[in-house]
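Let me begin by presenting the structure, written as structure tokens, before commenting on it.
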Amino acid sequence: MSQKFPEYLYHYTSFEALACILEYKTFRFTKLNNLNDPLEGKTADLNASENLAYCSSWTAHERDTIPLWKMYSGLNGVRLKLPSDLFTNSQIESVSYSNLPRDYNKAVNSAKLIKPIKTYSTARKIIDIDSVFGPDEVEYLDSERPVNIEVVTKTARVEPQGAVEGCMINLTNVGLYKNDDWAYEKEWRYRLLLNPLFGPAYPIMGANEFCEYFKFAEDYIDVPVKQSAIDRIEVMLGPMHSAPQRILLTALLEKYSKNFKITESNIQIK
Numbered sequence: 109m110s111q112k113f114p115e116y117l118y119h120y121t122s123f124e125a126l127a128c129i130l131e132y133k134t135f136r137f138t139k140l141n142n143l144n145d146p147l148e149g150k151t152a153d154l155n156a157s158e159n160l161a162y163c164s165s166w167t168a169h170e171r172d173t174i175p176l177w178k179m180y181s182g183l184n185g186v187r188l189k190l191p192s193d194l195f196t197n198s199q200i201e202s203v204s205y206s207n208l209p210r211d212y213n214k215a216v217n218s219a220k221l222i223k224p225i226k227t228y229s230t231a232r233k234i235i236d237i238d239s240v241f242g243p244d245e246v247e248y249l250d251s252e253r254p255v256n257i258e259v260v261t262k263t264a265r266v267e268p269q270g271a272v273e274g275c276m277i278n279l280t281n282v283g284l285y286k287n288d289d290w291a292y293e294k295e296w297r298y299r300l301l302l303n304p305l306f307g308p309a310y311p312i313m314g315a316n317e318f319c320e321y322f323k324f325a326e327d328y329i330d331v332p333v334k335q336s337a338i339d340r341i342e343v344m345l346g347p348m349h350s351a352p353q354r355i356l357l358t359a360l361l362e363k364y365s366k367n368f369k370i371t372e373s374n375i376q377i378k
């Protein structure tokens, strides 16, 4: 059974980015280490965790806000409203790896991609990503306390020569916790993960060495969007948009979307 999530989500962006979204029918996922929060994706026990996940950031806040306009699109940008199941035709399922005894471990949403995405690690190893995780709500924690997410669990297996120690790495919740300085965003995220649950080979390398080898080389990945989602797109013009921008937006949407809707922000700015 799927976790509950909003029927629609909102994404602030520029006119230029919207043109690329419509032309290529993709959304860009950015590696966590390239986002604006310097603590993004970091964990207490894995050095490269912010290099093992990509995300696309959205908000559930129906009313548009000046901070989000200014930070992510500019006051003459656009805000997109789209159905939240926009990345795949398969059903979004709730998944959990709660067998790992961690405080920061909760069920997340996941759906299989129609076609796996190929990317590379820094060691030029080809990596297939076959699922989009999300949409999942970001949880905001007290900014006076560090976000000490632990993702590594020590394990052992019995060999003829005795017990061999190893570890299991759980990336399921990496990128879902931020401090409350960012709480005004009411953020929801889609994520691409190296692998939600995996372990280094015994006993060749430790967790940090393993992740250093497999961390993503590319700064972003473009993920295909369903045409049925594009056909239901609603675009809000920013508070300082111009009349020519509305004309251009209408022409753009008429080319790519069957049932688009254009609205305007009610925020008054001189």
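If you use the numbering used here, the sequence shown corresponds to residues 109 to 378, in order. Quick reminder that beta carbons are idealized off the backbone N, C-alpha and C, glycines included. Source: prediction; values computed, not measured.
When DSSP states are grouped into helix, strand and coil, residue 157 belongs to the helix group. Distance from the CA atom of residue 155 to the CA atom of residue 316, rounded to whole angstroms, is 6 Å.
Looking at the DSSP output, residue 138 bridges to 163 and 328. Its chain contains 189, 190, 191 and 192 as the residues whose beta carbon lies nearer than 7 Å to that of residue 116, once the 5 sequence neighbours on both sides are disregarded; these appear in chain order. By the C-beta density criterion, residue 344 is buried, having at least 16 other C-beta atoms within 10 angstroms. In the three-state reduction of the DSSP assignment, residue 288 falls in the helix class, which pools H, G and I. Sorting 322, 118 and 359 by C-alpha distance to the C-alpha of residue 234 places 322 at the top. The shortest CA-to-CA distance from residue 297 to any of 287, 307, 282 and 303 is the one to 282. Assignment of residue 179 by DSSP, reduced to helix, strand and coil, places it in the helix class. Residue 280 is not a Cβ neighbour of residue 243, given a cutoff of 9 Å. With contacts defined by Cβ atoms closer than 9 Å, residue 119 and residue 137 do not form a contacting pair. Pairing residue 162 with residue 329 gives a Cβ-Cβ distance under 9 Å. Uninterrupted beta strand (DSSP E) stretches at least 3 residues long and entirely within the segment 330–371 occur at 342–345, given in chain order. The Cβ atoms of residue 174 and residue 377 lie closer than 9 Å to each other. Per DSSP, residue 219 is not a residue of any alpha helix (DSSP H); the beta strand (DSSP E) it occupies stretches across 216–228. Per DSSP, the unbroken beta strand (DSSP E) holding residue 247 starts and ends at 247–249.
Residue burial annotation: residue 286 is buried, with at least 16 other C-beta atoms found within 10 angstroms of its C-beta. Secondary structure at residue 241: strand, using DSSP grouped into helix, strand and coil. Using a Cβ distance threshold of 9 Å, residue 325 and residue 230 count as a contacting pair. Fewer than three Cβ pairs drawn from the segment 264–275 and the segment 141–149 lie within less than 8 Å of each other, which leaves the two stretches out of contact.
Rounded to the nearest angstrom, the gap between the Cα atoms of residue 170 and residue 302 is 32 Å. When the beta-carbon positions are compared, residue 236 and residue 220 stay at least 9 Å from each other. Taking the Cβ atoms as the reference, residue 295 lies roughly 21 Å from residue 196, outside the contact range of under 8 Å.
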